[in-house]
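Peer 1:
Residue numbers (this note's numbering): 119 to 970.
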């Protein structure tokens, strides 16, 4: 809960204060090398010839520049060694803090021209400190600086890895990442690089933002005053951002520059490098004289003389080297802020860190917009169907889905009813109870069957708690759309049990159940027609068939060279138009027969593969048309059939379903596909097309399919991911999404044949383990020892750890083969956790499966 709250605050403040901090970073970096840049572009103004006789004493220098300017000097800054022009500030106009700045030759007193670019750097300073908005801007920059401290500390907490002592985890980029994943990596890793510098900026920058902070630092770091001296009065020095307060009754200012020069030379000795004299506005107040020695620790390690300007008497002499270390830090706040405390290298590093400030604003916004886009897509997935307040008068549409297809059809059915003016509300069967069914007068049930007659995981609780109950449902009129696969003996088993129970309870069937075998379009059209008759409306146009887009095969990498098993490939696909999906979703690929398969089929039929035929209104060659048709193994009944009749006698190839192995922000849809071979040595249709016959940069028809039952759990929920073989694909997408979101309580149990050859995505998984993005990685390589070890054996061996994770609220995700792995894992879960708890996990959505 704490982590989630910090995350919400981190991004909320980031997208609000981030722009101000980005501006402060750029302007601060620009201003940091002001002196060097001004000297570069104004060498004739800011550089002077060093004369052997030395710089003029202050009295002579002030006399000459005041005579030339016609105004009184209020501050002068003189470099006695390096040949830099002296900076002279004249009396400020009323209401101003500083007067006009002029440059002068400290050896001759000659006034120089104005420096080109000085106004630009003054603007940069105003933007950096006040947003060029005066005191209001200072309050804004101060608040944003406080937020920068929060960003540093909360960001450090949010990305704290499992192995914090591993420097690679903190400081290395994964350049292979793309999209959102790369933006997150850039945001987190670059933030770690800059963390100490940003804390330095913030903790020193607040010195000029808030009086309470400045007073706190003084109390914490300042040395106690020497015996006999009074501590500086509280509040002295206020008005730092405005003109000094002037007592109108004070005597006029009298300055004895010769006496001041004598006091300065006596205090500094022969090592004087530069001095800065700041005069009070009126008499009766002390002047401040900062001076720097040649051997100073840094360019701001000033010694300070507090003197009487009228006679040069020294009232206080503070030497930097006499201060304690903490007091030296206090005196060096500006040097720490700009990095000059650490020399030229420190200034350069701090400047570069300042320039990267916009990076975090930009990447933070990109991540935020990506989250918003995904939320919009989730809402859009629900279609345009609006719920009904009066549930008793509306159609109840209940669905039970394992892979998301039944849920999709439920929403499409709701849309058709609503288009006819019927109020509807759509619910998962897991959410329905006795009151819902008793109050409903009209209902549609769109349910799939999982495996051989089982209820989908999400409907297990409904079957256990509802089916068999002796409720009277005489007022309920209903219809059932059943989805299944006839290759299983108990075709549409769950839907038939639901239908039988409803009939026993007295509910009235509006029409016979519509059973759909493998998304048969004719059965779906029948369902739609029945709905049209049920609502009394004219039959509407048939639901549009799934839209397949063209995707380009961008990469095909063999993951298990040398393996004793079938080859496994990592495939990369890119769409013609931008596409998006969620971790856990599926794709349906429309494969084609490879040319060798078509050639073998035509051999002996006496047909020319180049014969033109008509297919879906288009003219193609016979070979092209046969590439999209199911080719039977027996051909005797086809001998003598002409080309067009041959094409028309063959059913089109149906889609093949695969788990997505990447996330949308990767910029590429990835699949992990094992190449299948039939007993006769020929390649499987789908795997053969993707892994062998489809050329690189070739086009494949593909559509994305939502699989809501395998989506991520709520943020910060621990996850136990279990899979084998190519089942790693679905788990990999979930892991990638979790890592991008900063969730690290991830435990992967993965099984394959041999570690040497079949450790798919090895480097990636080990890197996640090292970085802490994977809390645990347990591997089972069945052929690496005499006694075969499978992933379910690993799970049994980690029974105590599994119980601890489940006690922490973990969700279990399984992806891979149903026979062997998934059934074996299910048995171990029931053995370790108990059947009642496993059943409860299924009903609560904490046990999810994507198996085949």
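Think of the CB as a built atom: it goes at the ideal place given N, C-alpha and C, for glycine as much as any other residue.
1. So, at 6 Å on beta carbons, what are the nonlocal neighbours of residue 819 in its own chain, with the 5 sequence-adjacent residues on each side left out?
2. Taking 9 Å as the cut-off, decide whether the C-beta atoms of residue 313 and residue 371 are in contact.
3. Opposite residue 425 in the DSSP bridges: which residues?
4. Take the Cβ of residue 968 as the centre, count every other Cβ of all protein chains shown within 10 Å, and call the residue buried at 16 or more, exposed below.
5. Take the Cβ of residue 766 as the centre, count every other Cβ of all protein chains shown within 10 Å, and call the residue buried at 16 or more, exposed below.
6. Below 8 Å, can you find three or more Cβ-Cβ pairs linking the segment 587-595 to the segment 555-568?
7. Do the segment 817-833 and the segment 688-704 make contact, defined as three or more Cβ pairs closer than 8 Å?
8. Does DSSP put residue 629 in a helix, a strand or coil?
9. Are the CB atoms of residue 327 and residue 254 nearer to each other than 9 Å?
10. Return helix, strand or coil for residue 251, following the three-state DSSP convention.
11. Please state the DSSP three-state secondary structure of residue 614.
12. Going by beta carbon distance, what residues of the same chain come within less than 6 Å of residue 901, once the five residues before and after it are set aside?
13. Is the CB-CB distance between residue 809 and residue 934 below 9 Å?
14. Give the DSSP-derived three-state secondary structure of residue 441 in the structure shown.
15. Please state if the CB of residue 817 and the CB of residue 668 are separated by a distance shorter than 9 Å.
16. From the DSSP output, which residues share a beta bridge with residue 693?
17. Within the segment 142-228, note down every full alpha helix (DSSP H) run reaching 4 residues or more, in order along the chain.
18. Is the segment 469-482 touching the segment 137-146 in the sense that three or more CB pairs, one from each, lie closer than 8 Å?
19. What did DSSP end up calling residue 372 once you bin it into helix, strand or coil?
20. Suppose you measure from the CA of residue 578 to the CA of residue 941; what does that come to, to the nearest Å?
21. Using a Cβ-Cβ cutoff of less than 6 Å, which residues in the same chain neighbour residue 163 once the five nearest sequence positions on both sides are dropped?
22. According to DSSP, is residue 750 part of a helix, a strand, or is it coil?
23. Determine the extent of the alpha helix (DSSP H) in which residue 467 is found, giving its start and end residues.
24. Residue ranges of each beta strand (DSSP E) run of no fewer than 3 residues wholly in the segment 845-871, ordered along the chain?
25. Taking the C-alpha atoms as reference points, what is the distance between residue 483 and residue 303?
26. What number of angstroms, rounded off, separates the C-alpha of residue 316 from the C-alpha of residue 307?
27. Looking at the secondary structure, which residues open and close the beta strand (DSSP E) in which residue 518 lies?
28. Which of helix, strand or coil does DSSP assign to residue 594?
29. Under the rule that 16 or more other beta-carbon atoms within 10 Å means buried, what is residue 130, buried or exposed?
30. Would you mind stating whether residue 778 and residue 886 have Cβ atoms separated by less than 9 Å?
31. Considering only residues of the same chain and omitting the five flanking positions on each side of residue 928, which have a CB-CB separation below 6 Å?
32. Going by CA-CA distance only, name the one from 300, 639 and 731 that's closest to residue 786.
33. Since residue 632 and residue 620 should fall inside the 8 Å C-beta cutoff, what is the C-beta to C-beta distance between them, to a whole number of angstroms?
34. What number of angstroms, rounded off, separates the C-alpha of residue 339 from the C-alpha of residue 449?
35. Roughly how far, in whole angstroms, is the beta-carbon of residue 562 from the beta-carbon of residue 597, given that I think they are within contact range, below 8 Å?
36. Tell me the DSSP secondary structure of residue 912 in three-state form.
Peer 2: If we stick to the structure as given:
1. 666 and 708
2. no
3. 405 and 432
4. buried
5. exposed
6. yes
7. yes
8. coil
9. no
10. coil
11. helix
12. 871 and 872
13. no
14. coil
15. yes
16. 669
17. 152-159, 161-164 and 176-187
18. yes
19. coil
20. 16 Å
21. 221, 230, 231 and 233
22. coil
23. 461-473
24. 864-870
25. 14 Å
26. 14 Å
27. 513-518
28. coil
29. exposed
30. no
31. 836 and 838
32. 300
33. Contact flag wrong, Cβ pair sits at about 15 Å.
34. 9 Å
35. 5 Å
36. helix
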